[in-house]
Each structure stands twice: as structure tokens, then as C-alpha cells.
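One structure below.
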């Protein structure tokens, strides 16, 4: 189908025309209206409603005979698709969907496929038409075919993409969980740990009801703030697998994410051992009661723990579906155990339970237990440190984010609801157990008292029991002494034991699943190169089997060590460090004010998130200060390591956003500060073209701008604007990346212009930002000026004039071999391509070695002959070509060596500064900065200035005084008194021979002929001009003689650049001056500042 730009695309046409369909009315049609029979003329405008699909529909009606045309239209490319293009006829509403406003266009309507990442698992990425395709003139006879830009542009994509994707997912059978089974269940199981059953009663006994509720509340504040921050981050874009690691790394970058991801995965792996050992200890206690010990308590724990881990590993490896079923079963057991406790509190207590301190709900017991009663060595913070790990586990759902159907919805909803439910349960259990059980009880039914005996005022005394001897000796029962209070209170004790088993096993199972998932995500990002082996996944759910094995090995190791009391505080702090970074991520993203920070979860505040981060850090030190220090040291080490390695990833982190904001603020703040001579630094525009094509020019400039000034590598694209802009845009990122890869602190900028001079003029005026604007132009010497077209010479000299017009200093750099190595790079690229083709061919030949006979390889050997894979035999008559090739190779080798000369460390030598004219001090400042660099620090400054022969000593003293005031160290000062002496005849003859082709010689011709020649060749050098500037010409030639005499062995010569007065010095004469001045010398920098002081001796 060809695209047509004519204005009558939708005009009336004969019914026989089958290449058009008729759009009659585009309007909002209520349900039940009959628009299909409307034959009115189409309007000259289009209306489109973006409202609800069920209420605002686009109606297409057909003229007689045009329904068939519409069907033909669908068959030749625009396939009907639900909710994406044209729908088939709707018998209820008589309406059709019209996607691109009723006419053919390359422009695209908004569509999700345009915004996906390449390789997205949620669907294919489709490239929208580029601005160039829409903006440029449309080529004739463009056919719309599936997969073409126009097909994509109309928003249709591939027919049935979404349906195909869903079918593939169904076929693959990948298990995805909703928010209940995937997040809520896991978080509740992880938060309800062993602490609920065997430690909560002791915490209430120590802290009392009031402080116990505060402890629970403070813990919940930490987890709730973290949950809110996590919800905000989760709803700010699609969440992939990796849980806390993914959230932190995509928010704060790979440095924070990589460091916390590794220790978080390790913490989960060790947590498996902790929970399994807790389960094994409970089993061993039961074995002790029944006198069924296998070996001894320690080895029994190891045996039971090892068996348990193997069983849990089998469940995990069997698949996430089995693991989820096991979690649901464990949750049911846990809920039954909790309900069993509440039922037990209302069952009337018997004498045995009363003697152990359980009296059902009593107001006197509630009042007595409301205040704290800390035993020796305990305090609010120590009790808080024991309880807080019970509140953790809120990341259990987020850790399997890759296995959730909709992580953005499931993680916030499931996590926050789990925090609410578990908090209510903790507080309810704490209050109920404290209202029923006294702090101390003897367990002896003989400790009853009769009413005649005076009571000591305790709640137990009022209820008929005297437990006063517990003040003098250790009792075994009551909140303070018995960890099995909940089992005693419950209606059926074994159910509490089942609850303990459920809590420990569920937490162990969750950690066993979380650790490999987080570790796999970390390894996939390849932040730690040596861990790439563990990135591979298996099966329909991409299960990290290698990660499971690693987690199993770590868990087994710690179970066998059986010294978990020492490692437990560090693990708790690892989790807290993750919480702190999640909170800080939310704060940082908000503080960076990036437009990309748009979380759908709006119940958050950046300062609250910051408070949550600080609170997490404080809790780390409250729990265990040395464990907190160890955590920070490990995290800092990993952070430094990742920062040093600089992984090649770009996740659009808030760190990047904040860097931009900081740079912008600093740049704006800098504009309010007036320039001062003490803060002057060379800020250079370097006309390198592509930075890789003139590396030596860039290196010498970078040597005096690195870490001190601005350096912008500039390229001017000359030619047809369309082609230039396309070439320029395509190479911008590549060339900036080359600078970064080669550790050159510079920017790359390019312009497209009709001529070179216009482009440079634009760069000189528009480059930079605020105070960070270039003040120096650096260019390479035009070595081929005598062979170059006159327009190039005019442009070259013209940009020097333009720089002076803009009050910008100029530095011209000359080296013997020249700067441009673009031809060498081109040859290298060709050789690399040939080498790649050769290797590919050899690999193909090797793969086909086992094929039938050799006939199948003939084509390959023919290709090898074309690629010159075999070494060519030299021929006798090819000697001339061989010699030429050798010379070219030698020249290229010298050029390559010259291009790297400023990368090498300069040995002991001198930088000779010929400060002939005062330009403000730039001629002196640049070589001084060079001597501060590591590569040039062994070079000493020698200063050469002009002076009078009869005042050499006085002027030398004066110059030494000036340099000492400038605090510039120098090795020697030379006063040159014979600069104005005429050059010798040989040197002058060379100058005259050089200038001869460009002279007009008008004095040898009659006036008419001379005037005619001036008009025809205005660029030539007149005799009058030569005579006027004869002394200046003498000076340039004489300076070369002096340079040859004094500075022939210098490492670098820095020389005042002569200025050509506009309108007085022709371009060719100026180039001759520069040629004579710098020929046959070491590397030369011709420098001319803008005649504003860049040096000062004032403090």
C-alpha cells in the first residue's frame, strides 16, 4: 500500500476503486444508534476521543460498495486486532475502532511497545519512526509491509503480539504468584518467627506491657517506614527479579546495589542455618524429654539440621509452586497455633497452671505487669535488641519479585498488610499473656495461702498464691523464667510446638529461596566478574540451581560450626543495612528531583524516608555496636571495589540525577562569582576533529587542562546539512565514549556548517556554560598548506582572526609528523575486519571438517582466496610495489609513534619558553602547568626573552625578579639581544623560494596589468606588502635561526605567536612566517593570550 500525501485521500471515489476506504463520520455514538447507514459527506476535519472505550468509540461508515474495499484493506496489511487497530463489525454498537485518526501516516500513536527495553521479557520492543523519517520528505512508492517502519508507525506492531506472548507464557507454564501467596503469606511467616512463641512473654515480663508495646511499636515504625519507601520505589517502574538488591541498585546505582546485594544474599544464606538450628534445638529438647537422644545435644542439632536443610533444598529445587504450597501449609499451622493460644487464655486454669503463674485474665495481674521490672543487666535497649529481629522479614516477598505476576502492586499491598496483621498479633499476644500470667511463679501447688495470712500485696497473693520466695531464689516459672509460657497457656500444648516448627521452617524456606534469587540477579548484572557462573537459570521459572547449591553449602557449613550466637547480630545488621539503604534510596530519588521519579504509591515523604534510614542505622548500633561496625566496614570495602571496577551499566540511578542537579547548581552558583586572575585556568577548544584522529593534539592539550581546566574536543562537519547532521549525531556518543575509555577528561562537541570557518566561529561563540566558557583555541599546524586549496588556507588563518576578535587566546601546535592519523585508523579497521572474517572462516572450516568429502568446502576455500587468507607469494616484478608499501608502512609507523609521543613520560630535559611578547602571561602559564604533570615533572623551564645587548644583565635580573614574584621556578634565563639582526643569506633564500609561488610581482609590470592581476588574484602577496613588513619577515627567519641554535635539543618549545594584522598581512605570507618560524624543530607551541593578565603576584 503506497502512502499518498495528496489532500483528497479520503475524498469520494467510485465504488470500483478498491484501494481506498471511506471514513464518513468520526464521532461519539451512543449504544444503540445506527451510524452504519449514514451516507453524509465526510467533514474536512478529524475528531478523536481518548475517553473510555465503552463510551467513546470511533465510528466508520461505508458508502455503497466500500465495505468490500475495507476488507481488502485489512487483507493487505492492517490486520484487525483487539484494542489496537480496527475491530471487526460490532453488531451491538455498529462501531469500529480507528487507530491512526482515519488516514495513513508514518507518525505513530502512543504504544507500550515503544517504551520497552531491548530484550524485555514482557514483550518485544518496537522502534518508533525516527524524527528524521517523519520530518524528511517521504520517498515515493513506499510500501507498507509488516515489520516496516510504516507498519510499526501506525501502532499496529505484529498482529496479536499480546495474545501470542500470553500463549507462550501459558505454554511455558511459568509459575507467577499474586500478592497473597507471593508476598502476604511469605512476609507473615517470616515476621512471625520463633520470637512470638518463646521470647515475647519474657520481653513483656522484663519491659512490662507499656514498654513492650512501645518496643513493638518502635520496631514496627522501622519496618513500616521501610515498607513505605520500598512501595514507592516498587511503583516507580517495572520491578524485575532481585528483590532488595534490584531496588537499591536501580535507585542508587551499582556501587551501593552491588555491595548490599552481596552481603544481603550472604545474610539470607546464613539465616537458613540460623532458622534450621532453631528448629533442631526444639526437636532436641523434645528428644531430651522422651530420653531419646541420638549422640549428644550438639551433634544431634547438627544431624537434625543437616537432614532438615536437605529436605528444604529438595522442596526449593522442585520448583516455586511446591515451595509456595509448603508455605501455605506452614501458615495454616501457624495460624492454628496462634488461635490455640488465644483460646487457652479463656479456658479456666487448673491448680497446676496456677502454681506456674497462669490465672486467666485478671485486672490485678494486668496492673502489676504494666510497668517494667528489668532484671540485672537488662534495659530497654537490650530488650529492644532481642525483640527487633522478630519484626524483620518484610523483604521476603520482594526477594522473589521476579516470580510475581505484578510486583508493582503485589509488593506494596502484601508487605504493608503483612506488617499490619503481624503487628496486631504481636501486640495482642503481648497484652493477653501479660494479663494472664504473673512474672514469677514457683510451680509448687503447696505455695497457696489461707485467707487468715496477711498478703504481701502481689497479684498472685491476692489470688491465693505466695511466690515471695522467688525474690530470693531462682524460680522456673512465670513470664520472667519460663520460655514455654505460651505452650502452658494454650488450649493444646503440642500445637504451640507445631507453631514453632512452622515458624522456623517457613523462615528457613523463605531465606533458602531468597538468597539464590537475589544472588542470581546480582550475578546477571555482572558487577562482580568472578560470580558470572551463578547467573545461569534452569527450567520454566529460570530457577538458580547453582545458587541453591551454593546457599545449601553455606547453610550446611554454619550448621556444622554450630556457633551462631556470634554470627546472629551481624546477620541482623546486614538486614538492617538493607532497610537503611532502601529508605535512603527513596529519599535520594526524591531529593534528586528527577522527572523520572513518579511513584504510583503516593503515601511517602522524602524526609520521613531519611528519618527511617537514620533510625535503621541507630538500631544497628543499639542491637550490637561491633556488628554494626563490621557491617559498615564490609559494605564500604565492597563499595570501593565496585567503584574501582566501574561496571559498564547505566540504570538511570538517582545518583546520576543528583550529580546533574549538583553540577547545574554549581554552574549557576559560579555565574554569580566574578572572574579573578588568581583563578584563571586555560579552558580550551581543541580542533581535533574526531578525538581519535588527532590524539597527540589532544594529549598535549589535556596535559595542561586535566583536573584544572575545561577541554572541549571539537569537530566541524562540512557539506550537505542533511548528511552532515546524520553523521554527526551517529558519532556523538561513540566519540565521547572514546574519551572516557581513554581516561581523557574532556567533552566532545560537533557542529554542522557550510564551511569550516563558520563552524569554528559557532563553536567559539556558543561552547561552554556560564563561567565555564573556553578562553583558548588550540589547533594543529596546517602542515600541508602549500598544497591545500586557497579556501582552506583562508579558513585556517580566518579562525585565528576570529579567535582574536572574540578575545580568545590561540595555541598552534606543530610536531614533525603531523597530527592526523585517520588513514592509519582506517587501515587498522580494515585489517580488523579481515581478521574477524578470517577467524570466522577458520571456525566454519573447522566445524565442517567432519562433513562428507571435501566438495562441501570448495566454496569456503574460494572465499578464503578472495579474502587473501593464504599468504601471497611475492613476485619478481612486484619489487617497486613492495618498496612503496615498505615506505608507506615506515611512514605510518613513524606517524603512529609521533601520535603517542605526549602520552609517554618525558625524560630529563627542558621546556624552552620564548616569551617574546607580553600576552598577559599565557605563554608562561601553560609551560608552568606542564611541569606540574607527572609526565613532564623532570623537565626544567628555560626562559628566553628579547632585550638590548648593552643591558643583558639588568634585564636578566629584572626577569628573574618578575618570575620569582610569580612563584614560577626556572632553570635559566637567557636574554636574546640579536633578534633584530638580519638572517643569514641561506635562510633568507629559503624564505624567498618558499614565498615565490605566491608573489604578485606587480612592480615589474605596467600599472594596468598590475591592477588586473590584483583583481584576479587578490590572495597573492604584493611587493608593497613585502616591503612594508620586511622587518617582521626578517624577524621570523632570524628567530628560527636562534631556535635552531638554542633550543634544538629541547623537549618542547613554547613560543610567542606572531599576530597578523587584519587587512595588512595576507594569509599566505602569514603561513610562510609560521612555516619559517617553526621548521626543523622539536614540538612547538605557538601561544598568544588575549592580552588580559593570567598571572599575578598579589595574594
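Residue numbers (my numbering): 8 to 1106. Built from N, CA and C at the ideal position, the CB exists for glycine as well. Predicted model, so just to flag it, every value in this text is computed and none were measured.
Host beta strand (DSSP E) of residue i (start-end)
i: residue 921; result: 916-921
i: residue 238; result: No beta strand (DSSP E) contains residue 238, which is instead part of the alpha helix (DSSP H) from 207-241.
i: residue 667; result: Not the beta strand (DSSP E): residue 667 falls in the alpha helix (DSSP H), residues 661-678.
i: residue 754; result: 754-760
Contact belief for residue i with residue j at Cβ below 8 Å, rounded distance in angstroms
i: residue 522; j: residue 275; result: 4 Å
i: residue 566; j: residue 258; result: Not confirmed; about 35 Å, so no contact.
i: residue 620; j: residue 665; result: With 8 Å as the limit, residue 620 and residue 665 do not qualify as a contact, their Cβ atoms being about 15 Å apart.
i: residue 417; j: residue 189; result: 6 Å
i: residue 260; j: residue 792; result: Contact doesn't hold; Cβ gap of about 50 Å is too wide.
i: residue 372; j: residue 216; result: That belief does not hold up - the Cβ atoms of residue 372 and residue 216 are roughly 10 Å apart, past 8 Å.
i: residue 783; j: residue 690; result: 6 Å
i: residue 444; j: residue 506; result: Going by Cβ atoms, the distance from residue 444 to residue 506 rounds to 18 Å, so no, they are not a contact pair.
i: residue 308; j: residue 287; result: 4 Å
i: residue 1107; j: residue 397; result: The structure shown does not extend to residue 1107, since the chain is modelled only from 8 through 1106, so no value can be given for it.
Residue-level contact to chain C via CB, residue i, 8 Å cutoff
i: residue 739; result: This model lacks chain C altogether, as it is built from one protein chain only.
Counterpart residues of residue i in DSSP-defined beta bridges
i: residue 820; result: 787, 1092
i: residue 692; result: 719, 784
i: residue 1063; result: 1094
i: residue 455; result: 472
i: residue 339; result: DSSP lists no partner for residue 339.
i: residue 639; result: Answer is none; residue 639 lacks a bridge partner.
i: residue 1028; result: 1006
i: residue 776; result: 779
i: residue 545; result: 550
i: residue 448; result: 484
Sequence-distant residues of the same chain with beta carbon closer than 8 Å to residue i, five excluded per side
i: residue 1055; result: 1088, 1089
i: residue 490; result: 205, 206, 208, 209
i: residue 13; result: Caution is warranted here: a pLDDT of 38 is assigned to residue 13, below 50, making its placement in the model unreliable, and the coordinate value is therefore given only provisionally. The answer is none, since no qualifying residue turns up.
i: residue 220; result: 434, 437, 438
Unbroken alpha helix (DSSP H) run spanning residue i, endpoints
i: residue 625; result: 613-630
i: residue 440; result: 414-443
i: residue 187; result: That residue, residue 187, is in no alpha helix (DSSP H); it is neither H nor E in DSSP.
i: residue 313; result: 304-325
i: residue 736; result: 728-748
i: residue 843; result: 829-854
i: residue 275; result: 261-296
i: residue 1051; result: 1037-1053
i: residue 804; result: 797-812
i: residue 194; result: 192-198
i: residue 702; result: 702-712
Own chain residues within Cβ distance below 7 Å of residue i, not counting five before or after
i: residue 192; result: 334, 335, 338
i: residue 995; result: 1044
i: residue 277; result: 561, 565, 574, 578
i: residue 553; result: 540, 541, 543
i: residue 605; result: 243
i: residue 385; result: 213
Cut-off 6 Å between Cβ atoms - residues of its own chain near residue i, not counting five sequence neighbours on either side
i: residue 162; result: In this prediction, residue 162 has a pLDDT of 36, which is less than 50 and means its spatial position is unreliable; nothing more can be read from the coordinates.
i: residue 237; result: 589
i: residue 913; result: 942, 943, 946, 1058
i: residue 473; result: 454, 456
i: residue 256; result: 264
i: residue 751; result: 709
i: residue 969; result: none
i: residue 877; result: Unreliable placement is indicated for residue 877, whose pLDDT of 40 sits below 50; the coordinate value is still reported in the next sentence. For residue 877, where only same-chain residues beyond five positions count, there are no Cβ hits under 6 Å.
Near the ligand COA: residue i beta-carbon under 7 Å from a heavy atom
i: residue 509; result: Among the components of this structure there are no ligands whatsoever, and the ligand COA is therefore not found.
Quiz item: What runs of the beta strand (DSSP E), each 3 residues or longer, lie entirely inside the segment 936-1000?
Solution: 946-953, 979-983
Practice problem: Please go through the segment 473-542 and give each complete alpha helix (DSSP H) segment of 4 or more residues, from N-terminal end onward. | Solution: 492-496, 500-531
Quiz prompt | alpha helix (DSSP H) segments (min. 4 residues) lying fully within the segment 350-420 | solution = 358-362, 370-375, 387-394
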